[in-house]
Amino acid sequence: MKHSTTLLVLQITTIVLALASETNTKKGPNMEELKKMQDMMMSGEYDDKMSGFNDLSDIQLDETDICNKLAAHGKCLDHEEVVEVCPKSCKKWEEHLKSKMKSDFVKVDVDGDDLIFFDLVAKTFDYGSGSGSGKSQKEIEFERFEGYLTVVANLGKVCHTDDVENALSNLVSLFNIVPYSLNVVVFPFRHPFLDYDEHETTYDCDEKYHEVLRKYDNDKQFENKLYIMEELKVLNEGKNQKNDKNDKEKKDPSQSQSQIHPVYRYLKAKLKMDELLEDYATFFFISSEGDRIDMLQGSSFGGLRDWVRQLTKNNYGEL
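Take 0 as the starting number for the sequence shown in numbering that gives the first Met the number 0 and just add one per residue.
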């Protein structure tokens with residue numbers, strides 16, 4: 000694998016080093032070599048002094064912790080050069096995603112059911128007082144979504160802000176496919192498998208997360224189309240969000256049932272889903288009349304875009 004330009008090599012080394020820094024990876028396979036390569040390219044010394052080390056494949060990154068983390072953070076989808084450097088890691092992650100991916104749909108009797116999607120109400124995200132968000136928390140009545148295709152997605156709270164940025168960027172890219180008749184409703188949630196206390200010893204994870212949410216929430220081009228909603232406490236009955244990696248306590252289902260947000264309780268009940276995956280996003284698609292709900296779980300954002308195209312093309316016909 001020979002890169003045509005020094006800039007391309009610089010880009011991948013910068014990505015790797017940035018990811019290592021965010022994940023508190025102080026040491027790892029060939030990290031010193033990567034830093035050396037980046038420093039030389041930044042100083043313009045690459046061509047003169049790196050002639051024997053001008054190919055990333057020489058560093059043997061594939062299937063190391065670095066490549067595995069890049070793949071797990073979705074970098075194989077965003078950067079072609081990552082696929083070149085980490086082909087096996089990217090392939091394994093792609094196969095892993097496919098094994099988790101599933102889809103389903105259900106028809107809804109909007110005239111006979113006691114509760115339909117458009118009867119639901121939820122609050123927008125609470126940034127806290129004095130946060131400078133530009134928006135105060137308010138209730139959103141879902142009847143405003145009638146007549147539109149509505150996508151409901153859960154967004155894990157992670158301390159790697161580039162992952163949150165990437166997720167929101169991909170979600171709003173759906174407006175390029177359906178520019179006038181689409182709403183995207185995002186529910187952040189505290190990821191049960193992440194140790195937030197560990198991250199917050201070095202920086203304020205909440206503030207970093209909120210900063211990215213505010214950026215999209217305040218963007219006028221997404222006004223009345225993108226809705227950042229209140230943070231979910233749990234996704235599934237009988238499970239407690241785990242902020243401490245040593246805390247494995249599980250609550251009684253009868254106690255945590257009330258913790259499930261009404262929107263997710265409704266959607267899970269309609270699709271007869273006992274549990275949602277907690278380490279992969281689940282996307283729900285509600286038709287403009289509320290008479291059909293589709294579900295896509297464990298998909299890449301590329302797969303999500305294809306799904307939206309197919310839904311709109313088929314006018315909600317069976318996929």
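All residues carry an ideal CB built from backbone N, CA and C; glycine is no exception.
query = So what does DSSP say about T311, is it helix, strand or coil?
reply = T311: helix per DSSP, three-state reduction.
request  = Could you tell me which of G301, S168, D110 sits nearest to C75, measuring between CA atoms?
outcome  = Taking only the C-alpha atoms, the option nearest C75 is G301.
ask   = T123 bridges to which residues according to DSSP?
value = M228
query = Since L303 and L295 are thought to touch, with beta carbons under 8 angstroms apart, how far apart are those beta carbons, to the nearest angstrom?
reply = Distance from L303 to L295 at the Cβ level is roughly 7 angstroms; contact confirmed, criterion being Cβ atoms closer than 8 angstroms.
query = Looking only at C-alpha atoms, which of G289, N169, S299 sits nearest to H95?
reply = S299
Rounded distance between the beta-carbons of T149 and I285, thought under 8 angstroms = Contact flag correct, Cβ pair sits at about 4 angstroms.
message = Which residue wins for smallest C-alpha separation from K224, given the options L114, S172, K207, C85?
response = S172
key: Where L275 falls: helix, strand or coil (DSSP)   = DSSP places L275 in coil when its eight states are reduced to three.
task = Pull up the distance between the alpha-carbon of V307 and that of D293, whole angstroms please.
result = 10 angstroms
message = Quick check: what's the CA-CA separation for R143 versus T63?
response = 48 angstroms
inquiry  = My output table needs one value for E93: the three-state DSSP class, helix, strand or coil.
reply    = helix
message = Nearest by alpha-carbon distance to E138: which of K232, A152, I227 is it?
response = Of the candidates K232, A152, I227, the one whose C-alpha sits nearest the C-alpha of E138 is I227.
query = Using DSSP with H/G/I as helix, E/B as strand and the rest coil, what is G297?
reply = coil
ask   = When the Cα atoms are used, what is the spatial distance from Y126 to V163?
value = 16 angstroms
task = Mind checking which residues open and close the alpha helix (DSSP H) that includes N67?
result = For N67, the enclosing alpha helix (DSSP H) covers residues 64-71.
Euclidean distance between Cα positions of V107 and I115 = Distance between the alpha carbons of V107 and I115: 8 angstroms.
query = Under three-state DSSP, which class holds L234?
reply = In the structure shown, L234 sits in coil (DSSP, three-state: anything other than H, G, I, E or B).
query = To which residues of the same chain is Y147 closer than 7 angstroms at the C-beta, ignoring the five residues directly before and after it?
reply = S180, L181, N182, S287, listed in sequence order.
message = Please list the terminal residues of the continuous alpha helix (DSSP H) segment that includes V105.
response = Note, V105: premise wrong, no alpha helix (DSSP H); beta strand (DSSP E) at 101-106.
inquiry  = Which of the three DSSP states is assigned to L167 in this structure?
reply    = Helix at L167.
According to DSSP, residues forming a beta bridge with V324 = What is shown of the chain runs 0 to 318, which leaves residue 324 out entirely.
request  = Just the C-alpha distance for V105 and V233, rounded to the nearest angstrom, thanks.
outcome  = Roughly 24 angstroms between the two C-alpha positions.
query = Any idea what DSSP makes of E145, helix, strand or coil?
reply = coil
inquiry  = Am I right that K134 and D216 are in contact with their C-beta atoms under 8 angstroms? What's the rounded C-beta distance?
reply    = 6 angstroms
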